[in-house]
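Numbering (our numbering), first residue to last: 28 to 108. Here the structure is laid out as structure tokens; the discussion comes afterwards.
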Amino acid sequence: MLNAAAPYRREDRAAQRVGQRVPVVLPLVDVRVDLDGTVAVRLDREPYATDTPLHREDLQRLLAKLATDLDTGRMGYPVGV
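Right, dumping it as structure tokens:
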């Protein structure tokens, strides 16, 4: 049940954000696959280090791991902004 005296939540959130501007930060993932199937990955123009050499079949797993790490803030990007 709604309380008529309580302000609508969406308006509250919008009012809080009016004074602050948050830049959008998107990571850049560059993947290059050589003819022999070797994969080179760069994250924000920096080489992405892995324990073992990557091959074409590792690409889906690697991208899923990167997405998870970036989503949880483990890579140094803001979360929930």
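We put the beta carbon where it would ideally sit given N, CA and C, even for glycine.
Check: Thr65 lies in the beta strand (DSSP E); which residues open and close that run?
Finding: Thr65 -> beta strand (DSSP E) spans 65-70.
Next item on the list: Could you please give the first and the last residue of the uninterrupted beta strand (DSSP E) stretch that includes Asp57?
Entry: Element bounds for Asp57: 56-60.
Next item on the list: Please confirm whether Arg69 and Asp57 have their CB atoms less than 7 angstroms apart.
Entry: Yes, the pair counts as a contact, with Cβ atoms nearer than the cut-off.
Notebook entry, point to check: In the structure shown, what three-state DSSP assignment does Leu81 receive?
Noted result: Looking at Leu81 - three-state DSSP - the assignment turns out to be strand.
Note to self: Restricting to Cα atoms, I'd like to know which of Val51, Gly64, Glu73, Ala91 is closest to Leu81.
What the structure shows: Ranking Val51, Gly64, Glu73, Ala91 by Cα distance to Leu81 puts Gly64 first.
Note to self: Taking a contact to mean a Cβ-Cβ separation below 7 angstroms, would you say Leu97 touches Pro54 in this structure?
What the structure shows: It is a contact, given that the beta carbons lie within the stated cut-off.
Notebook entry, point to check: Whole-angstrom Cβ separation of Val66 and Leu90, contact assumed at under 8 angstroms?
Noted result: About 10 angstroms; that fails the 8 angstroms criterion.
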